[in-house]
Amino acid sequence: MIIRLISPYGRRLNRVITSLQIRRSWKNTVECSANRARCWTDIDLSVIAQNYKNALELCSSQLIPVLKADAYGMGAVKVAKLLASYGAKMFAVATHMEAIELLDALECDVLVMGMSGECEIDEAIERGIIMTVFSFEQAKKISERAGKKAARVHFKVDTGLHRLGFNDMQEMEAASRLPGLKIEGLFSHLALRDRANDEAQYALLMQAKAILNPPMVHIVDSIGMVRYPQWQLDGARIGAWLYGVCPKRFDRPHLTRCPATFCARIAQIRTVKAGECVGYDEEHPLEKDSVIATLAVGYADGYPRLNSVGEVEINGQRAKVAGLVCMDQMMVDITGIEGVREGDVAILLGGSIGIDEYASWDKMNRNEALSRLNGRAPRFYTGG
Numbered sequence: 000m001i002i003r004l005i006s007p008y009g010r011r012l013n014r015v016i017t018s019l020q021i022r023r024s025w026k027n028t029v030e031c032s033a034n035r036a037r038c039w040t041d042i043d044l045s046v047i048a049q050n051y052k053n054a055l056e057l058c059s060s061q062l063i064p065v066l067k068a069d070a071y072g073m074g075a076v077k078v079a080k081l082l083a084s085y086g087a088k089m090f091a092v093a094t095h096m097e098a099i100e101l102l103d104a105l106e107c108d109v110l111v112m113g114m115s116g117e118c119e120i121d122e123a124i125e126r127g128i129i130m131t132v133f134s135f136e137q138a139k140k141i142s143e144r145a146g147k148k149a150a151r152v153h154f155k156v157d158t159g160l161h162r163l164g165f166n167d168m169q170e171m172e173a174a175s176r177l178p179g180l181k182i183e184g185l186f187s188h189l190a191l192r193d194r195a196n197d198e199a200q201y202a203l204l205m206q207a208k209a210i211l212n213p214p215m216v217h218i219v220d221s222i223g224m225v226r227y228p229q230w231q232l233d234g235a236r237i238g239a240w241l242y243g244v245c246p247k248r249f250d251r252p253h254l255t256r257c258p259a260t261f262c263a264r265i266a267q268i269r270t271v272k273a274g275e276c277v278g279y280d281e282e283h284p285l286e287k288d289s290v291i292a293t294l295a296v297g298y299a300d301g302y303p304r305l306n307s308v309g310e311v312e313i314n315g316q317r318a319k320v321a322g323l324v325c326m327d328q329m330m331v332d333i334t335g336i337e338g339v340r341e342g343d344v345a346i347l348l349g350g351s352i353g354i355d356e357y358a359s360w361d362k363m364n365r366n367e368a369l370s371r372l373n374g375r376a377p378r379f380y381t382g383g
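Numbering (numbering that gives the first Met the number 0), first residue to last: 0 to 383.
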């Protein structure tokens, strides 16, 4: 319930309340429907739940939902609580702070797949965060900080991605003998270049497994889960799958759908003469007199910085992006679309615009396109 006061002091308090509401919007915590003034993302949690249940049918081992980058822009805490209600017990993130956010919200196991900084090790041990160990030097730092409470860790072996991981099996074995390390798992990442390369990577993982013999081993992600079901081992890390990014060449694309609908309001409509340009740089003169709508959304809100490429959906019809997308606004050509008014809603992602097409306009990876939604546009949830 919102109380509006009409005295001078009340008006001042109203301004403070409004300011706080705006700040909450920036942090993407607004869940009511009162703040769809500019741009926003609607997220259907029932779609994420169904994607998860479909993955359970495809995976014979434990699913490890990947919630890094705020669950690819969908909201990590919301998604974690949802999936926990369907039995998920362990989640994977990229950073220590992402792990803390989850542990502050629910009881679960969290694997940090990236580096845990020296200033984060003590808290990670205390909170029971599972750290990734990828070198002897890092293992030693963690071992030296572990006291009566052992540090929970997964060892990572570099099988060919050449990003993080032990390169030397003897070094890995030596690290495993350091005191204070509770080795709960071993993992790696497939480069997914081709089958022969993937098989070579898997063989290296099996060499490391023979040395450590940990209780849990995992290597497949969303793509690997469906491409190599025989390699699901003790866990499959699913990130992109949860958010509707279907592995290419998978024969059942209907099993995963994008839960997000990215929307923006039309701020102004104007007619622009033929030969005039729209927006910065003025690289694309209009071929004819055109009706141009300015949308209250820009690249700071997560939309790609397109230049007269791409489309949005208005009143069930496509409108082309006109000119260069600005930081906070963008323009589209609505010539020929009947009944459009200022204040109407344009769909940027969703409706007839799928994630594959949306990402292709800026030659983006689909995961990148979704994770950009982790911006200032508030999120609204349904189906949870």
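All residues carry an ideal CB built from backbone N, CA and C; glycine is no exception.
Given residue i as reference, the closest of the options once Cα atoms are compared
i: leucine 392; options: Val324, Ala91 and Met326; result: Residue 392 is absent from the model: the chain starts at 0 and stops at 383.
i: alanine 46; options: Trp230, Met171 and Tyr242; result: Note that residue 46 is valine in the sequence shown here, rather than alanine. The candidate whose alpha carbon is nearest that of valine 46 is Tyr242.
i: aspartate 404; options: Ser351, Gly223, Ala70 and Ala263; result: Summary: the structure shown does not reach residue 404, with the chain confined to residues 0 through 383, and so no result is reported for it.
i: serine 289; options: Pro246, Ala259, Ser115 and Ala318; result: Ala318
i: alanine 195; options: Tyr380, Met171 and Gly159; result: Gly159
i: glycine 335; options: Leu189, Thr94, Asn314 and Ala150; result: Asn314
i: proline 214; options: Arg151, Ala48 and Arg226; result: Arg151
Status (buried if at least 16 other CB within 10 Å, exposed otherwise) for residue i
i: glycine 400; result: Because the chain here runs from 0 to 383, residue 400 falls outside it and cannot be looked at.
i: lysine 272; result: exposed
i: serine 187; result: buried
i: asparagine 390; result: The chain is shown only over 0 to 383; residue 390 falls outside these bounds and no answer can be derived.
i: glutamate 97; result: buried
i: glutamate 386; result: Residue 386 is absent from the structure shown; the chain starts at 0 and stops at 383.
i: proline 64; result: buried
Pairwise C-alpha distance: residue j and residue i
i: leucine 347; j: aspartate 41; result: 11 Å
i: glycine 374; j: isoleucine 210; result: 44 Å
i: alanine 207; j: serine 370; result: 33 Å
i: cysteine 107; j: alanine 174; result: 27 Å
i: proline 377; j: methionine 73; result: 11 Å
i: proline 228; j: glutamate 275; result: 56 Å
i: lysine 362; j: glycine 322; result: 17 Å
i: alanine 123; j: cysteine 257; result: 33 Å
i: tyrosine 51; j: leucine 82; result: 8 Å
i: aspartate 193; j: proline 284; result: 45 Å
i: glutamine 231; j: glutamine 61; result: 9 Å
i: arginine 365; j: alanine 70; result: 14 Å
i: phenylalanine 379; j: isoleucine 265; result: 19 Å
i: tyrosine 298; j: cysteine 325; result: 6 Å
i: alanine 239; j: methionine 224; result: 11 Å
i: proline 246; j: alanine 358; result: 14 Å
i: lysine 147; j: glutamate 125; result: 10 Å
i: leucine 372; j: threonine 260; result: 10 Å
i: methionine 112; j: aspartate 103; result: 19 Å
Three or more C-beta pairs closer than 8 Å, one from the stretch 140-149 and one from the stretch 173-186: is that the case here?
yes
Scan the stretch 148-220 and note each continuous beta strand (DSSP E) run of 3 residues or more that stays entirely inside, going in chain order.
150-155 and 180-186
In the stretch 53-109, which residue ranges form an unbroken beta strand (DSSP E) of at least 3 residues, counting only runs that do not cross its ends?
61-64 and 89-92
Would the stretch 284-301 and the stretch 330-340 be scored as touching if the rule is three or more Cβ pairs under 8 Å?
yes
Can you find at least 3 beta carbon pairs, one from the stretch 306-324 and one from the stretch 236-254, that sit closer than 8 Å?
no
Those runs of the beta strand (DSSP E) which lie wholly inside the stretch 288-359 and span at least 3 residues:
289-294, 310-313, 316-321, 329-332 and 344-348
Just to confirm the assignment: which complete beta strand (DSSP E) runs, minimum length 3, are found wholly within the stretch 224-266?
Within the stretch 224-266, the complete beta strand (DSSP E) segments of 3 residues or longer fall at 234-237, listed in chain order.
Which parts of the stretch 119-145 are runs of the alpha helix (DSSP H), unbroken and 4 residues or longer, counting only runs that do not cross its ends?
135-144
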